[in-house]
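Anchor point for the sequence shown: position 58 equals 58 in the UniProt record's numbering, and the numbering is continuous, going up by one each time.
The C-beta atom is built at its ideal place from N, Cα and C for all residues, glycine as well.
In this text the structure is predicted, and so the values were computed from the model without any measurement.
To start, the structure under review is shown below, and the notes come after it.
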Amino acid sequence: MEKPSYRTSKQQLWFNSVMAWLVVMILACGAVAGSAQAVSFGTIAVPALLTLIATMLGIHRHFGTKDMKIMSQSQGGP
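Right, dumping it as structure tokens:
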């Protein structure tokens, strides 16, 4: 039995992380430039985006290890 391939989920994880960090950086640059709109939007968006990044990494790690554990058990491993 071959190992599962997670190419699509890894691509989605990287894409979402890059886009979330891009928005965070744009908001940070806008706040440094003195944009009141960037500051007011950033107070809501930045914590939400950072939570999104952390949650996606956690879910990916948690269920990825479970998949590998199940795969090793089905192959007769420890």
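query	result
Could you check which residue in Ile70, Phe41 and Leu57 has the C-alpha nearest to that of Met25?	Phe41
Output the distance between the C-alpha atoms of Val18 and Ile70, rounded to the nearest integer angstrom.	30 angstroms
Does the Cβ of Ala48 have 16 or more other Cβ atoms within 10 Å, making it buried, or fewer, making it exposed?	exposed
By Cβ distance below 8 angstroms, which residues in the same chain neighbour Val23 in space, the five residues on each side in sequence not counted?	Ala45 and Leu49
Apply the 10 Å Cβ neighbour rule to Leu27 and answer buried if 16 or more other Cβ atoms are within range, or exposed otherwise.	buried
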